[in-house]
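Quick mapping for you: the protein sequence lines, in order, are chains H and L.
Counting in the working numbering, the first sequence runs without a single skipped number right up to 478 at its last residue.
Counting in the working numbering, the second sequence runs without a single skipped number right up to 161 at its last residue.
The C-beta atom is built at its ideal place from N, Cα and C for all residues, glycine as well.
What follows is a short report on a single structure.
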Amino acid sequence: MYEPIVGVEVHAQLTTSSKMFCSCRAEFGAEPNTNVCPVCLGLPGSLPVTNRKAVEQVIRTGLALGCEVGTLCRFYRKNYFYPDLAKNYQISQYDEPLTFGGRMELSVEGRPVSIRIRRAHLEEDTGKNIHLPNGRSLVEYNRCGVPLMEIVTEPDFRSAAEVREYLLQLRRLLWYLGVSTANMEEGALRAEPTVNLRDPETGERTPKVEIKNLASIRAVHDAVEYEIRRQYHCLETGEPMQQETRRWNEAQGITTVMRTKESAEDYMYFPEPDLVPIEPEPEWVEAIRAALPELPQARQQRFVAEYGLPEYDAQVLTEDRATADYFEAVVQACGEPKACSNWVMGDLQRLLNESGCSITESRVSPQQLAELIGTIKDGTISHNIAQAVLPKMWATGHSAREVIAAENLALISDATEIEKLVDEAIAANPKAVADYRGGKEKALGAIVGHVMRQTKGQANAAVVNELILARLNG
Amino acid sequence: MPDVTLDDVRHVCRLARLDLSTSEMERVRGELNRIMAHFHELQALDTEGVPTTSHAIPMSNVYREDIPGVSLPVEKVIQNAPDSVEGFFRTSLFVEE
């Protein structure tokens with residue numbers, strides 16, 4: 005029985021301000037060909053100089069993936085003719101990468117999966133081509149020379165679900181490290197899986213197929229799943245297969261041939277003579293390691309262990325670093341981790357979504373949210389009222405207690421005042437009273453509801469219940 | 065080291081996108097073989113234990129700081145382009161590889 009063998013190559017644009025080998029801006033969305041210079045255009049006589057921050061970001065990522073850092077790293081020229089590179093070669097790395105030999109541990113459908121990371125290295129991005137229906141192509145080089153990190157796994161994936169989980173974890177890691185926006189729609193993160201099938205007994209394999217044109221993690225998952233099925237089908241029907249690159253067609257949910265690899269690629273790699281080698285000093289590497297933040301998987305596990313949160317909450321809250329920081333600030337101010345988690349993932353998230361804000365731009369600070377949660381805990385307001393208070397805090401910038409006072413929202417816990425309302429409610433609902441006395445405990449709800457309506461939900465529900473029971477049973 | 069064959073020349077021509085006639089390829093083959101003779105001489109040296117060298121000067125770790133500078137004005141960028149439109153280089157359609 006054949007099994008799927010999948011490896012993944014990811015390209016992530018780094019978050020430097022300038023390009024890899026020149027000082028042009030590395031920004032997204034500028035006017036065509038406005039961020040280019042003789043170096044990234046490959047004009048004769050221009051010389052590249054390495055961006056130190058890009059090297060640091062790759063080492064940072066490599067360390068977070070458990071990689072070793074090379075002691076002698078070199079850039080190579082990868083030679084090929086294509087208009088996305090004006091100089092006819094891409095500066096990349098070859099057999100002396102910055103980092104290599106890491107690992108990522110995953111949990112897929114409750115099963116532990118270990119994926120070996122072959123390498124994380126540095127190269128430059130290419131320009132952009134636009135093909136017009138009138139038989140012309142447009143070329144622009146703003147993206148050309150933007151630092152690109154390539155992360156390559158060993159072929160350790162056995163299913164599309166494993167690939168998806170890897171990409172989710174990797175994207176979260178890149179966010180935590182602050183090294184890439186990892187935005188797939190903008191092309192800041194590109195994933196190219198290689199898929200084939202292997203018979204574990206005979207070692208026989210189907211030809212490797214590389215898939216391109218994947219604009220989301222879901223697309224990667226669907227494309228890998230499709231490609232595995234397609235190759236099984238070819239095996240069964242005896243349809244011939246060949247080593248090729250296939251393009252994912254999102255609309256039809258299929259892969260189609262893009263190009264075949266008749267001859268082995270010959271990029272004539274050779275050491276880039278215009279750049280000197282990189283020998284990362286051990287002190288520098290150790291300083292980068294020491295500055296690594298708590299990594300997302302570790303933080304997720306700590307949220308479960310330290311705060312007793314369900315696995316789901318811990319995962320959602322640690323999805324990005326800012327949300328996890330916000331959550332921890334709320335917990336620090338008021339305790340009640342599960343309540344904090346519900347508020348951050350629920351009502352606060354809704355307000356953020358509605359206003360298009362990120363959590364760092366939240367108009368309610370963690371301390372303010374903690375105070376609101378505190379007013380529920382001490383019985384000042386109910387949970388329902390608190391849910392109405394939060395949007396008012398958001399709109400006015402006032403604290404929970406200010407909103408409660410200004411709008412007179414505090415719960416009525418005064419027994420004599422509630423007693424009066426309870427008596428009215430009992431008088432107004434003779435049927436419910438009779439039903440309750442006849443053994444229908446649910447009938448009590450109508451009486452409680454009456455009091456709550458009269459007080460617009462501000463009566464302390466516990467006190468109301470207690471008083472009604474005392475009246476009816478007394 | 066074996067002689068450069070016509071197939072080798074064809075391969076190099078393909079990589080370099082050169083369209084040579086058979087007689088041109090024959091001429092180039094002779095020239096390449098004379099160049100290769102010099103490498104034959106170098107092969108005689110014992111390079112055991114000598115690390116691959118990409119630079120004559122022992123130098124490493126040359127960096128620039130990540131500070132954006134000034135790029136070329138777009139008029140200059142497309143100045144030598146045979147064809148351009150709205151800041152783009154314009155070419156005949158090329159097939160996406």
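Item                                                                                                                        : Value
contact_flag[the segment 178-186 of chain H, the segment 204-215 of chain H] where n(CB pairs < 8 Å) is 3 or more           : no
Residue 74 (chain L) vs residue 85 (chain H) beta-carbon contact at 8 Å                                                     : no
Selection of the segment 20-39 of chain H by Cβ proximity to chain L, strictly under 7 Å                                    : 20, 21, 22, 27, 28, 29, 35, 36, 37, 38, 39
When H:76, H:313, H:96 are compared against residue 500 (chain H), the one with the closest alpha-carbon                    : Residue coverage of chain H in this structure runs from 5 to 478, which leaves residue 500 (chain H) outside it and unanswerable.
Contact set between residue 138 (chain L) and chain H, taken where Cβ atoms lie within less than 9 Å                        : 35, 36, 37, 38, 40
Helix, strand or coil at residue 365 (chain H) according to DSSP, with G and I counted as helix                             : helix
Classification of residue 161 (chain L) by the beta-carbon crowding that lies within 10 angstroms, buried from 16 upward    : Low per-residue confidence applies at residue 161 (chain L): pLDDT is 48, beneath 50, and the placement is therefore not dependable, though the value from the model is reported in the following sentence. Flag for residue 161 (chain L) reads exposed.
Contacting residues, own chain, Cβ-Cβ under 7 Å from residue 72 (chain H) (five flanking each side not counted)             : 103, 104, 105
Residue 126 (chain H), buried or exposed, once every other Cβ within 10 Å from all chains shown has been counted against 16 : buried
Chain L contact residues for residue 144 (chain H), given Cβ-Cβ distances below 8 Å                                         : 151, 152, 153
Chain L residues whose Cβ lies nearer than 9 Å to that of residue 85 (chain H)                                              : 79, 80, 81
Length of the line joining the Cα atoms of residue 257 (chain H) and residue 217 (chain H)                                  : 12 Å
Proximity test, Cβ basis, 8 Å: residue 141 (chain H) and chain L                                                            : yes
Residue environment, residue 381 (chain H), which counts as buried when at least 16 other CB atoms sit within 10 Å          : exposed
Which of helix, strand or coil DSSP assigns to residue 147 (chain H)                                                        : coil
Per-residue burial, residue 142 (chain L) [other beta carbons within 10 Å of its own, 16 or more giving buried]             : buried
Partner residues on chain H for residue 97 (chain L), Cβ-Cβ distance less than 7 Å                                          : Here the premise fails: no neighbours, minimum Cβ distance about 20 Å.
Through-space distance from residue 131 (chain H) to residue 89 (chain H), alpha-carbon basis                               : 6 Å
is_contact[residue 103 (chain H), chain L] using C-beta, thresh 8 Å                                                         : no
Whole runs of the beta strand (DSSP E) within the segment 190-266 of chain H, excluding any shorter than 3 residues         : 193-202, 213-216, 248-253, 258-264
Nearest-angstrom Cα separation, counted from residue 431 (chain H) out to residue 451 (chain H)                             : 9 Å
Where the beta strand (DSSP E) through residue 83 (chain H) begins and ends                                                 : 80-83
Positions along the segment 120-139 of chain L whose CB lies within less than 7 Å of some CB in chain H                     : 123, 124, 125, 126, 127, 128, 129, 130, 131, 132, 133, 135, 136, 138
Reduced DSSP secondary structure (H/G/I, E/B, other) of residue 133 (chain H)                                               : strand
Listed by chain order, chain L residues near residue 45 (chain H) by CB distance under 9 Å                                  : 136, 141
Which of helix, strand or coil DSSP assigns to residue 105 (chain H)                                                        : strand
Reference residue 198 (chain H); option with closest CA among H:11, H:299, H:70, H:109                                      : H:11
8 Å Cβ shell around residue 109 (chain L) - same chain, five flanking residues per side excluded                            : none
Where the beta strand (DSSP E) through residue 9 (chain H) begins and ends                                                  : 7-17
Range of the contiguous alpha helix (DSSP H) that encloses residue 98 (chain L)                                             : 86-107
Burial state of residue 261 (chain H), where buried means 16 or more other Cβ atoms lie within 10 Å                         : exposed
Alpha-carbon to alpha-carbon, residue 127 (chain L) and residue 410 (chain H)                                               : 60 Å
Residues near residue 210 (chain H) by beta carbon distance below 6 Å, same chain, minus five either side                   : 200, 201, 235, 245
Residue 305 (chain H) (DSSP reduced to helix, strand or coil)                                                               : helix
Chain-ordered chain H contacts of residue 157 (chain L) [CB-CB under 8 Å]                                                   : 135, 136, 139, 140, 141
Collapsed DSSP secondary structure at residue 155 (chain L) in the structure displayed                                      : strand
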